[in-house]
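Here is the structure we will look at.
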Amino acid sequence: MKSFTFAMQKELLKLVCRKKYAILTVIGILVSVIRCGGAALITRLSQGAVSVKTNLPLEMLPFAVEILVPIIILIAASELFCNEYSNDTMKACLIQPLDRFKVLSAKAAAIVILGAASLLVMYIANTVIHLVSGGTFANAGYAFAAYVIDIIPLIGIAFLGILVNVCLNGPTAATLLSLAVYAAMKYIGLYVSGTQSFLFTAGAKLHIMLLGKTLPFNILLSKIGILAGSILILYSLSYIIFDRKNI
Numbered sequence: 058m059k060s061f062t063f064a065m066q067k068e069l070l071k072l073v074c075r076k077k078y079a080i081l082t083v084i085g086i087l088v089s090v091i092r093c094g095g096a097a098l099i100t101r102l103s104q105g106a107v108s109v110k111t112n113l114p115l116e117m118l119p120f121a122v123e124i125l126v127p128i129i130i131l132i133a134a135s136e137l138f139c140n141e142y143s144n145d146t147m148k149a150c151l152i153q154p155l156d157r158f159k160v161l162s163a164k165a166a167a168i169v170i171l172g173a174a175s176l177l178v179m180y181i182a183n184t185v186i187h188l189v190s191g192g193t194f195a196n197a198g199y200a201f202a203a204y205v206i207d208i209i210p211l212i213g214i215a216f217l218g219i220l221v222n223v224c225l226n227g228p229t230a231a232t233l234l235s236l237a238v239y240a241a242m243k244y245i246g247l248y249v250s251g252t253q254s255f256l257f258t259a260g261a262k263l264h265i266m267l268l269g270k271t272l273p274f275n276i277l278l279s280k281i282g283i284l285a286g287s288i289l290i291l292y293s294l295s296y297i298i299f300d301r302k303n304i
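Position one of the sequence shown corresponds to residue 58 (this note's numbering), numbered consecutively onward.
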């Protein structure tokens with residue numbers, strides 16, 4: 058267990074040392090600032106006739122969990138897999154006292170932790186912006202629970218990126234393909250009738266099912282089962298390919 062934890066920390070350190078993830082998170086925060094500033098500008102230009110009052114943390118959650126953090130996660134997956142293939146540094150990971158399953162799991166855990174940290178930073182930033190702009194703590198607990206719950210679907214996105222990366226060797230191609238596959242799945246889920254019943258990306262806003270309007274137990278169980286099953290399948294396929302890959 059100690060060797061796995063050490064490997065995970067080492068993989069996470071590789072990601073944290075890259076400034077691109079901090080820059081992407083800052084860009085996300087700037088989007089929230091612009092959104093809040095736009096609402097204030099509308100109120101001012103209309104001399105108070107139009108007032109846009111919303112819960113900024115909850116309003117910006119779909120942007121964070123469906124756009125910003127998935128981009129961070131898919132880039133991180135490319136960083137820890139295809140980038141190491143091309144730089145011939147993956148061999149150094151495999152000479153550790155860990156089998157390939159634990160190596161893959163350590164990298165996956167680091168990717169998910171990075172994504173979760175970015176999402177929680179967005180929650181803190183959005184809450185601060187909301188309070189500075191005159192908001193209250195009224196729904197802060199609900200918003201925090203929503204952010205924490207929506208970390209779960211990000212695990213599926215992480216393994217989607219990992220699966221693409223273990224199949225390819227070029228980091229640029231893997232990143233672009235991962236983003237393209239994710240975007241296609243989101244598009245199909247939104248615009249093709251009936252696809253939400255089997256696409257795990259349709260459960261990106263999991264908090265709506267768990268904290269919002271109560272769904273019938275069988276429907277809720279079905280949606281959670283699809284998400285859990287998708288994660289398990291992507292995890293299994295990623296390991297099978299990674300284990301057989303000639304590195």
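Note that beta-carbon positions come from the ideal geometry of N, C-alpha and C, so glycine has one too. Values in this document were obtained by computation on a predicted structure and should not be read as measured data.
C-alpha gap between residue i and residue j, whole angstroms
i      : j      : result
Ile152 : Tyr248 : 46 Å
Val221 : Gly191 : 44 Å
Pro154 : Ser60  : 7 Å
Arg75  : Glu141 : 14 Å
Tyr78  : Met147 : 21 Å
Ile206 : Val126 : 14 Å
Leu81  : Ala241 : 22 Å
Leu283 : Tyr239 : Here the sequence assigns Ile to residue 283, which means Leu is not the residue at that position. The alpha-carbon atoms of Ile283 and Tyr239 are separated by roughly 16 Å.
Ile91  : Ile297 : 44 Å
Val83  : Val73  : 14 Å
Ala64  : Met58  : 10 Å
Phe120 : Val178 : 14 Å
Gly198 : Lys159 : 35 Å
Glu123 : Ser235 : 14 Å
Thr111 : Asp145 : 49 Å
Phe194 : Tyr204 : 15 Å
Ser176 : Leu87  : The sequence given here has Leu at residue 176, not Ser. The straight-line gap from Cα to Cα measures roughly 14 Å.
Ala173 : Leu278 : 24 Å
Gly308 : Asn196 : Given a span of 58 to 304 for the chain in the structure shown, any question on residue 308 remains unanswerable.
Extent of the continuous alpha helix (DSSP H) to which residue i belongs
i      : result
Ile245 : 228 to 248
Lys302 : First-last for Lys302: undefined, no H or E at that position.
Ile152 : It is not in any alpha helix (DSSP H) - Ile152 carries neither H nor E in the DSSP assignment.
Leu169 : According to the sequence as given, residue 169 is Val; it is not Leu. Val169 -> alpha helix (DSSP H) spans 157 to 189.
Gly218 : 208 to 224
Glu136 : 126 to 137
Lys62  : The sequence given here has Thr at residue 62, not Lys. Here the alpha helix (DSSP H) through Thr62 covers 59 to 73.
Sequence-distant residues of the same chain with beta carbon closer than 8 Å to residue i, five excluded per side
i      : result
Lys302 : Val223
Lys71  : Glu136, Leu137, Ala167
Ile304 : Tyr142, Met147, Lys148, Leu151
Asn226 : Cys139, Tyr142, Ser143
Ile288 : Ile212, Gly213, Phe216, Phe257
Ala237 : none
Beta carbon of residue i nearer than 7 Å to that of residue j
i      : j      : result
Val169 : Ile128 : no
Tyr216 : Leu161 : Sequence check: residue 216 is Phe here, not Tyr. Their beta carbons are not under 7 Å apart, which means Phe216 does not touch Leu161 by this criterion.
Gly246 : Leu233 : no
Ile181 : Ile130 : no
Leu188 : Ala133 : no
Thr258 : Lys280 : no
Residues near residue i in its chain [Cβ-Cβ closer than 7 Å; skip 5 each side]
i      : result
Asn183 : Ser89, Leu113, Pro114, Met117
Leu263 : Ile206, Asp207, Ile209, Pro210
Glu68  : Leu137, Ala163, Lys164, Ala167
Ile186 : Ser89, Val90, Cys93, Leu113
Gly85  : Ala121, Leu125, Met179
Proximal residues to residue i (C-beta, below 6 Å), its chain only, five neighbours per side dropped
i      : result
Asp300 : Arg157
Thr229 : none
Asn294 : This sequence places Leu at residue 294; Asn is not what is there. Contacts found: Leu220.
Ala231 : Ser135, Cys139, Val221, Asn222, Leu225
Ala200 : Pro114, Leu115
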